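These notes concern the structure reproduced below.
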Amino acid sequence: MFTGIIEEKGKIANITKGKVQRIDIESTLKNKQGDSIAIDGICLTIVATTDKGFSVEAMRQTKDITTFSQWRVNDRVNLERALTISSRLGGHILLGHVDETARVIRKKGNEYFFQISRKNQKYLIEKGSISINGCSLTIMSISNDIFSVSVIPYTLQNTTLGNLKIGSLVNLEYDYLIKILTPCT
């Protein structure tokens, strides 16, 4: 589990393609083999560590439902290590299981607008939580299948959200509590 409080912006150092793709990340975070880590909100397992960072592997399902297939060498990604029992919950509870991707359709100052699939509108609640590329944020406004979040300057500077442009694709994870409390339709 994660909180959506980003610890570091890592850098993709290498991508090895295959049935299972291997991604090498440059990072100063201390990890060990077998640890879970959220990379842009995607929960992955660390398969190797070096003095410069770590490596993870991803299968086809991850590529199909996340922004993973768009990652390139030298891209920056948001990193958060998994919670420990003694961790503070600074954001909201996240599983690292991406529900869908969405595009930035508009920016107005520090407010970002995203369009989602209509079937997931039921998970949007004004002033509710949402994870965008692993960052815990608060929903500001909702209009059908479009929602917005306001992002403070600190978050824009210390995560990859400051790099978002109109048309950028992001990973979304809806609030787990909303998902379990919302009836299936």
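Count the sequence shown with the numbering used here and you get residues 6 to 190, in order. Ideal Cβ positions, reconstructed from N, Cα and C, are used throughout, including at glycine. For clarity, every value in this text was computed on a predicted model and none was experimentally measured.
CB of residue i within 8 Å of CB of residue j, strictly
{"i": "L169", "j": "V109", "result": "yes"}
{"i": "S101", "j": "T8", "result": "Reading off the sequence shown, one finds Gly at residue 101, where the question assumed Ser. No, they are not a contact pair."}
{"i": "Q38", "j": "A63", "result": "no"}
{"i": "V4", "j": "I137", "result": "No information on residue 4 is available, as it lies outside the stretch 6 to 190 that the chain covers here."}
{"i": "N36", "j": "T54", "result": "yes"}
{"i": "I147", "j": "E131", "result": "yes"}
{"i": "E116", "j": "S141", "result": "no"}
{"i": "L34", "j": "L84", "result": "yes"}
{"i": "G167", "j": "D45", "result": "no"}
{"i": "I47", "j": "T67", "result": "yes"}
{"i": "I171", "j": "R123", "result": "no"}
Option nearest residue i by Cα separation, candidates the options
{"i": "R86", "options": "I42, I51, L100", "result": "I42"}
{"i": "I11", "options": "T143, L99, F59, N163", "result": "N163"}
{"i": "M145", "options": "G58, K113, T50", "result": "K113"}
{"i": "V61", "options": "K22, D69, I98", "result": "K22"}
{"i": "R65", "options": "E116, K24, I183, C140", "result": "K24"}
{"i": "Y179", "options": "T67, S134, S153, S155", "result": "S134"}
{"i": "I183", "options": "L84, D104, V52, A18", "result": "D104"}
{"i": "R93", "options": "T187, L186, M6", "result": "M6"}
{"i": "S32", "options": "F59, P188, T67", "result": "F59"}
{"i": "I20", "options": "D80, L161, I171, I70", "result": "D80"}
{"i": "D150", "options": "Q120, Y159, T160", "result": "Q120"}
{"i": "V52", "options": "T187, I28, L161", "result": "I28"}
{"i": "L88", "options": "D69, D40, T187, I70", "result": "D40"}
{"i": "K57", "options": "T165, Y159, A18", "result": "A18"}
{"i": "T143", "options": "D69, I70, H97", "result": "H97"}
For residue i, the residue or residues it bridges with in DSSP
{"i": "K37", "result": "For K37, which the question treats as bridged, DSSP gives no partner whatsoever."}
{"i": "R86", "result": "I42"}
{"i": "N4", "result": "Since the first and last residues shown for the chain are 6 and 190, residue 4 lies out of range."}
{"i": "R27", "result": "T21, E62"}
{"i": "L142", "result": "I135"}
{"i": "E12", "result": "Paired residue(s): none; E12 is not in a bridge."}
{"i": "T54", "result": "F59"}
{"i": "I47", "result": "I44"}
{"i": "F73", "result": "In DSSP, F73 forms no bridge with anything."}
Whole-angstrom C-beta distance between residue j and residue i, which should lie under 8 Å
{"i": "T106", "j": "T72", "result": "6 Å"}
{"i": "K14", "j": "I30", "result": "So it is not a contact: roughly 10 Å between Cβ atoms."}
{"i": "F118", "j": "S173", "result": "So it is not a contact: roughly 12 Å between Cβ atoms."}
**Q.** Cβ contact (3+ pairs, closer than 8 Å) linking the region 69-81 and the region 108-127
**A.** no
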